[in-house]
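K.L.:
Dumping the structure here so I can ask a few things about it.
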Amino acid sequence: MTTATAPSPTSTAPTPHQVWKRARGLLIALLVLVIAGITFAAVRTGTNYGHLDPRSPDPKGSRAAAELLKDRGVSVTVATTLDEATAAVGPDTTLLVTGPNLLTPSQQHRLHEATTTSTGRTLLIAPGPAAVSRLAPGVRAEPHRPVSAIPPSCELPAARSAGTADMGGIRYTAPGSTATGCYPSDGTPSLLIRKERGDGDTVLLGSPEFLHNQRLDQEGNASLALQLLGSRPHLVWYLPSLTDPSATSDDGSPDGTDDSGRTGEETSGDESDFLDLIPSGWLWGTLQLTLAAVLAAIWRSRRLGPLVMERLPVSIRASESAEGRAGLYRKANARDRAAASLRTAARTRIARLTGVTAREAHTSHVLLPAVAARTTTPDGELSTLLFGPAPADDAALVLLADHLDALEREVRTS
């Protein structure tokens, strides 16, 4: 007499080795991307400059203008602190302030005192109302207007020689003074030049667009830049920074606001794009990540391949398969699917017994009359039993299975 041994349970969960085989390709690709990103960042460290930086070859940098000035014999010096900028001013020097709105009120007063006594030229890029009141007293800043190609419409030799240029932005007026205004936008100049002591002057520019590398070769931008920045043999390119030690307010806290409590960016009126605040390499980084994601998706789809039918390595009894599926249905609380499966199988078997074709086995108006002719069950109960709603609980599901078995036996013996 032999005893049957219980089959050992078979787990369908992937083993750690299988998980590693599936994920190792993706992990290796991710590691390569991380190493490449770190290497790329390390290579570019120290060479990523900001907007209007004379060392930056980016579209919104100003390296092209700086190189043209050097070719004309103008020395270009970069200053990143207020002390460096004020120490370099003089009668033979042009001081270009790229971000006057970033300066604190005390820094603006110091810069104004240094430039008004230097008899040199001072160029202020898009100063807002608060900055103008301290760096160029008597000048008023008007609301911002879009940058476009504008004719000079003035008698300033540099502007007339350059012709149409990409100007606009903040506009300036100087009531009661002899200042010269050029490139009017909606009737108000976006370039204003005012004489100071001796041969010194102050130039207010409403927008820095004409100094960008991407625009320098358009219109008369290059000519205007060379004449405004190259009027003296020395050019100090001042790039204000919040890390400047002199940017500390009297109470010891960094001060980046004007008297009204608004930041320089808010008072400048320069409607800069949010993308301008993102490093220049963000676009290439995004494209690389997108390409990597697409390649990973293609790789995974090729690895998975189409679904195929495979022969099971061992034979499984029908009762075990039914019990396993029932357990899954119960775990998922899927009484509706379990009931639908029971009814479908019952309708298929009963249709074969009643002579109904397999195609019409699941059509109520065809199957129900054929079944009713072989049983004594009322039509309403037959319809509910074979095509009714899902059971409300497990007990109702078991009762449905029993009734379907009883109906099939009745049809078979009729």
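Here the sequence shown stands for residues 234 to 647, numbered as in my numbering. Even for Gly, the Cβ is constructed at its ideal location relative to N, Cα and C.
Runs of 4 residues minimum, wholly inside the stretch 251-330: which ones carry the alpha helix (DSSP H) assignment?
P.N.:
Listed in chain order, they are 296-304, 315-321.
K.L.:
Which same chain residues end up closer than 6 Å to His445 when comparing Cβ atoms and leaving out the 5 residues on each side of it in sequence?
P.N.:
The residues are Lys293.
K.L.:
I need the DSSP call for Arg427, collapsed to helix, strand or coil.
P.N.:
Strand at Arg427.
K.L.:
Put Thr248 into one of helix, strand or coil per three-state DSSP.
P.N.:
Coil, per DSSP.
K.L.:
So is Thr617 buried or exposed if we call it buried at 16+ other beta carbons inside 10 Å?
P.N.:
By the neighbour-count rule (16 or more Cβ atoms within 10 Å), Thr617 is not buried but exposed.
K.L.:
Taking 8 Å as the threshold (C-beta atoms), are Gly306 and Gly353 in contact?
P.N.:
Contact: no.
K.L.:
Please confirm whether Val380 and Leu357 have their CB atoms less than 8 Å apart.
P.N.:
No, they are not a contact pair.
K.L.:
What is the residue span of the beta strand (DSSP E) that Asp477 lies within?
P.N.:
First-last for Asp477: undefined, no H or E at that position.
K.L.:
Just curious, the alpha helix (DSSP H) that Glu553 is in, first and last residue?
P.N.:
Its alpha helix (DSSP H) spans residues 551-564.
K.L.:
Determine the direct distance from the alpha carbon of Leu468 to that of Thr326, and round the result to whole angstroms.
P.N.:
Roughly 6 Å between the two C-alpha positions.
K.L.:
Beta-carbon within less than 7 Å of Leu615's beta-carbon, same chain only, minus the 5 sequence neighbours each way: which residues are those?
P.N.:
Leu601, Val604, Ala605.
K.L.:
Quick check on the burial criterion: 16 or more other C-beta atoms within 10 angstroms. Buried or exposed for Asp627?
P.N.:
By the neighbour-count rule (16 or more Cβ atoms within 10 Å), Asp627 is not buried but exposed.
K.L.:
Assess contact between the stretch 359-373 and the stretch 448-461, defined as three or more Cβ pairs (one per stretch) separated by less than 8 Å. Is contact present?
P.N.:
Segments in contact, no.
K.L.:
Within a Cβ cutoff of 7 Å, which residues of the same chain sit near Asn230, ignoring the five residues on either side of it in sequence?
P.N.:
The structure shown does not extend to residue 230, since the chain is modelled only from 234 to 647, so the question has no answer here.
K.L.:
Considering only C-alpha positions, which residue in the set Leu520, Leu389, Thr481 is nearest to Leu461?
P.N.:
Out of Leu520, Leu389, Thr481, Leu389 has the C-alpha closest to the C-alpha of Leu461.
K.L.:
By the 10 Å Cβ neighbour count, where 16 or more other Cβ atoms means buried, how is Thr523 classified, buried or exposed?
P.N.:
Flag for Thr523 reads exposed.
K.L.:
Apart from the five residues on each side of it in sequence, which residues of its chain come closer than 6 Å, Cβ to Cβ, to Asp432?
P.N.:
So the list reads Thr352, once near-sequence residues are dropped.
K.L.:
Sort Lys303, Ile268, Val311, Leu301 by Cα distance to Gly283 and report the nearest one.
P.N.:
Of the listed residues, the one whose Cα sits closest to Gly283 is Val311.
K.L.:
Under the three-state reduction of DSSP, which class applies to Ala603: helix, strand or coil?
P.N.:
Helix, per DSSP.
K.L.:
Is the beta carbon of His598 sitting closer than 8 Å to the one on Thr577?
P.N.:
No, Cβ-Cβ distance for His598 and Thr577 is not below 8 Å.
K.L.:
For Leu586, tell me which candidate among Pro611, Leu640, Arg558 has the shortest Cα-Cα distance.
P.N.:
Of Pro611, Leu640, Arg558, the residue nearest in Cα terms is Leu640.
K.L.:
Classify Asp434 as helix, strand or coil using the three-state DSSP reduction.
P.N.:
Correct three-state label for Asp434: strand.
K.L.:
Any chance the stretch 264-271 sits against the stretch 416-428, with 3 or more Cβ pairs inside 8 Å?
P.N.:
Flag = no, the stretch 264-271 and the stretch 416-428 do not touch.
K.L.:
Could you tell me the distance, in whole angstroms, from the CA atom of Pro690 to the CA atom of Ala359?
P.N.:
Any property of residue 690 remains undetermined from this structure, which presents the chain solely from 234 to 647.
K.L.:
With burial defined as no fewer than 16 other Cβ atoms inside 10 Å of the residue's Cβ, what is the status of Asn566: buried or exposed?
P.N.:
So Asn566 ends up on the exposed side.
K.L.:
Can you give me the C-alpha to C-alpha distance between Gln251 and Arg257, rounded to a whole angstrom?
P.N.:
Distance between the alpha carbons of Gln251 and Arg257: 10 Å.
K.L.:
Leaving out five residues before and five after Tyr471 in sequence, what residues of the same chain have Cβ atoms less than 7 Å from its Cβ?
P.N.:
These residues qualify, in order along the chain: Ala312, Ala318, Leu328, Leu329, Val330, Thr331.
K.L.:
Please work out which residues of its chain come closer than 7 Å, Cβ to Cβ, to Glu643, disregarding the five sequence neighbours upstream and downstream, and give them in chain order.
P.N.:
Once the five neighbours on either side are set aside, the close Cβ partners of Glu643 are Thr608.
K.L.:
Report the rounded CA-to-CA distance for Arg533 versus Ala573, giving the unit in angstroms.
P.N.:
Each residue's alpha carbon lies about 35 Å from the other.
K.L.:
Helix, strand or coil for Gly518, going by three-state DSSP, please let me know.
P.N.:
Helix.
K.L.:
Specify, as a first and last residue, the run of the beta strand (DSSP E) that Asp399 falls within.
P.N.:
Its beta strand (DSSP E) spans residues 398-406.
K.L.:
State the DSSP-derived secondary structure class of Ser366, mapped to helix, strand or coil.
P.N.:
DSSP places Ser366 in helix when its eight states are reduced to three.
K.L.:
Need the endpoints of the beta strand (DSSP E) that Pro376 sits in, please.
P.N.:
Element bounds for Pro376: 373-383.
K.L.:
In terms of alpha-carbon separation, which member of Ser554, Gly371, Gly402, Ser308 lies closest to Ser410?
P.N.:
Checked all of Ser554, Gly371, Gly402, Ser308; the closest Cα to Ser410 is Gly371.
K.L.:
Please report the distance separating the alpha-carbon of Gln261 from that of Arg296.
P.N.:
According to the sequence as given, residue 261 is Ile; it is not Gln. In a straight line, the C-alpha of Ile261 is about 40 Å away from that of Arg296.
K.L.:
Among all the DSSP beta bridges, which residues are the ones paired with Pro417?
P.N.:
Answer by DSSP bridge pairing, in chain order: Pro422.
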